[in-house]
Amino acid sequence: MLSSRTVNLYKVTISGFNTYLLRNTLVRRNPCCTPTIRELLQFPARCFITKVQTYKDEDSLLDKIKTNLKLIMHRSKLEAAGFILYETIADKIDYARLFQVLDLPDTFYSWYVITELHVWMLIARLMAEGERGKFLKKRLINCFWNDAQMRSKKLGEVNPAGIREQLHNLSEQFLAALIAYDEGLLSDDTTLAAAVWRRIYQLQKANPENIEYIVKFIRRQMKLLDLLTEEDLIERKHVIWETSKIKKQS
1 MLSSRTVNLY
11 KVTISGFNTY
21 LLRNTLVRRN
31 PCCTPTIREL
41 LQFPARCFIT
51 KVQTYKDEDS
61 LLDKIKTNLK
71 LIMHRSKLEA
81 AGFILYETIA
91 DKIDYARLFQ
101 VLDLPDTFYS
111 WYVITELHVW
121 MLIARLMAEG
131 ERGKFLKKRL
141 INCFWNDAQM
151 RSKKLGEVNP
161 AGIREQLHNL
171 SEQFLAALIA
181 YDEGLLSDDT
191 TLAAAVWRRI
201 YQLQKANPEN
211 IEYIVKFIRR
221 QMKLLDLLTE
231 EDLIERKHVI
241 WETSKIKKQS
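Structure, rendered in structure tokens:
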């Protein structure tokens with residue numbers, strides 16, 4: 001004889017067992033048949049367990065959504081900051097004056113190397129700001145390249161093949177230029193002057209005083225950038241370029 005407890009358990013599990021049989025394609029049974037005790041004992045225990053979403057699970061999901069939204073907003077904010085930082089270069093520098101003072105021709109190449117120099121100085125400062133600085137570095141470089149490509153297309157109407165080739169060559173030399181400037185910054189003025197002469201003047205005949213002006217400008221500008229706090233640089237985008245102080249001595 002079965003005990004009353006066993007009989008009750010047997011009755012309670014009948015409906016769940018029949019559902020399992022209907023869903024299991026490996027078992028063919030008449031749904032009207034009543035299962036035996038042996039079959040019930042072979043019935044997988046996991047089939048009686050139903051996962052119920054608790055408030056804790058819901059809270060966890062909401063926390064994840066909030067975290068993801070914060071990351072998206074933070075990323076968007078940094079992307080905007082990178083664009084504004086690049087604008088402090090492209091829109092604030094008096095290129096025409098610099099070309100005249102430094103005896104540079106008014107060409108796409110001159111615009112490119114002067115902009116590249118300022119982008120490098122910002123990158124050198126941003127690398128001290130951890131992950132946010134690395135992200136802004138990439139954003140700054142992307143803005144620079146997008147601007148360079150746009151300008152090259154406008155100039156390319158006269159000589160498209162020549163401009164495309166020049167831009168391609170400049171892109172291949174970009175990393176080498178940054179490394180040379182880094183080495184000069186961490187070394188002495190002679191090493192930095194060599195990097196300036198090689199990149200900006202392309203090892204061509206140049207007035208040594210012009211190279212000296214640029215070296216002094218780099219040293220002075222890097223000191224000013226180092227004085228900026230993370231909030232000044234990233235949140236306020238408070239960057240002032242000292243290019244106006246590059247002038248010929250009378």
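Going by full-length UniProt numbering, the first residue of the sequence shown is number 1, and it counts up by one from there. All C-beta atoms in this analysis are idealised placements derived from N, C-alpha and C, irrespective of residue type, glycine included.
Beta-carbon within less than 7 Å of I163's beta-carbon, same chain only, minus the 5 sequence neighbours each way: which residues are those? In the sequence shown, residue 163 corresponds to position 163, counting from 1. Closer than 7 Å at Cβ, skipping near neighbours: F108, S152, L155, G156.
Would you call the region 192-199 and the region 81-100 touching, i.e. three or more CB-CB distances under 8 Å? no
Start-to-end residues for the alpha helix (DSSP H) that takes in P160: Stepping through the sequence shown from its first residue, residue 160 is reached at position 160. Start and end: 160-186.
Span separating the alpha-carbon of T243 from that of S60: Along the sequence shown, read from residue 1 onward, the residue named residue 243 stands at position 243. Along the sequence shown, read from residue 1 onward, the residue named residue 60 stands at position 60. The C-alpha of T243 lies about 52 Å from the C-alpha of S60.
Can you give the Cα-Cα distance for L203 and L170, rounded to whole angstroms? In the sequence shown, residue 203 corresponds to position 203, counting from 1. In the sequence shown, residue 170 corresponds to position 170, counting from 1. Approximately 15 Å, taken between the alpha carbons.
Using CA atoms only, rank isn't needed, just tell me which of T229, I234, K245, Y86 is closest to L148. Stepping through the sequence shown from its first residue, residue 148 is reached at position 148. Note that residue 148 is Ala in the sequence shown, not Leu. Residue Y86 is the option with its Cα nearest to A148.
Is the beta carbon of R132 less than 9 Å from the beta carbon of M222? Position 132 of the sequence shown, counting from 1, holds the residue named residue 132. Position 222 of the sequence shown, counting from 1, holds the residue named residue 222. For the pair R132 and M222, the CB atoms are not nearer than the 9 Å cut-off.
Hey, would you say E79 sits closer than 9 Å to I234, going by beta carbons? If you number the sequence shown from 1, residue 79 lands on position 79. If you number the sequence shown from 1, residue 234 lands on position 234. Not a contact, by the Cβ cut-off of 9 Å.
Considering only residues of the same chain and omitting the five flanking positions on each side of T112, which have a CB-CB separation below 7 Å? Position 112 of the sequence shown, counted from the first residue, corresponds to residue 112. For the sequence presented, residue 112 should be read as Tyr rather than Thr. Here the set comprises A148, L170.
With a threshold of 16 other CB atoms inside 10 Å of the CB of K51, please say whether the residue is buried or exposed. Sequence index remark: in the sequence shown, residue 51 carries index 51 (1-based). In this prediction, K51 has a pLDDT of 49, which is less than 50 and means its spatial position is unreliable; nothing more can be read from the coordinates.
Measure the beta-carbon distance from V119 to L140 and round it to whole angstroms, keeping in mind my assumption that it falls under 8 Å. Numbered from 1 along the sequence shown, position 119 holds the residue referred to as residue 119. Numbered from 1 along the sequence shown, position 140 holds the residue referred to as residue 140. Indeed they touch by this definition, with Cβ atoms about 6 Å apart.
Count the other CB atoms within 10 Å of the CB of T115; is the residue buried (16 or more) or exposed (fewer)? Position 115 of the sequence shown, counted from the start, is the residue given in the question as residue 115. That one is buried.
Are there 16 or more other CB atoms within 10 angstroms of the CB of A81, so buried, or fewer, so exposed? Along the sequence shown, read from residue 1 onward, the residue named residue 81 stands at position 81. Classification of A81: buried, given that the 10 Å Cβ count is 16 or more.
For S110, I'd like the list of residues in its chain whose CB is within less than 7 Å of its CB, leaving aside the five on either flank, ordered along the chain. Here residue 110 is taken as the residue at index 110 of the sequence shown, counted from 1. F99, L104, listed in sequence order.
Counting along the chain, where does the alpha helix (DSSP H) carrying V101 start and finish? One-based indexing of the sequence shown puts residue 101 at position 101. According to the DSSP assignment, V101 belongs to the alpha helix (DSSP H) that extends over 95-101.
By a C-beta neighbour count over all protein chains shown, 10 Å radius and 16 as the cutoff for buried, is L167 buried or exposed? On the sequence shown, residue 167 is found 167 positions in, with the first residue counted as 1. Buried.
Using only alpha-carbon positions, find the residue among L186, K216, I179 that is nearest to R198. On the sequence shown, residue 198 is found 198 positions in, with the first residue counted as 1. Of the candidates L186, K216, I179, the one whose C-alpha sits nearest the C-alpha of R198 is I179.
Alpha-carbon to alpha-carbon, D91 and V215: Position 215 of the sequence shown, counted from the first residue, corresponds to residue 215. Position 91 of the sequence shown, counted from the first residue, corresponds to residue 91. Roughly 22 Å between the two C-alpha positions.
Kindly list the residues whose CB is nearer than 8 Å to the CB of S187, restricted to its own chain and excluding five residues on each side of it in sequence; keep chain order. Reading the sequence shown from its first residue, position 187 is the one you call residue 187. Closer than 8 Å at the Cβ level, and outside the excluded window around S187, lies no residue.
Less than 8 Å between C-beta atoms, sequence neighbours within five positions excluded: which residues of the same chain meet that for I123? On the sequence shown, position 123 is the one that residue 123 refers to. Excluding sequence neighbours, I123 sits near K137, L140, I141, L178.
Return the CA-CA distance between N207 and T190, expressed in angstroms with no decimal places. Indexing the sequence shown from 1 puts residue 207 at position 207. Indexing the sequence shown from 1 puts residue 190 at position 190. When rounded, the distance between both Cα atoms is 15 Å.
Presumed contact (8 Å Cβ cut-off) between Y213 and I246, rounded CB distance: By 1-based counting over the sequence shown, the position of residue 213 is 213. By 1-based counting over the sequence shown, the position of residue 246 is 246. Yes, they are in contact, since the Cβ atoms of Y213 and I246 sit about 5 Å apart, within 8 Å.
Would you mind reading off the limits of the alpha helix (DSSP H) that contains D106? The sequence position of residue 106 within the sequence shown is 106, counting from 1. Unbroken run through D106: none, as it is neither H nor E.
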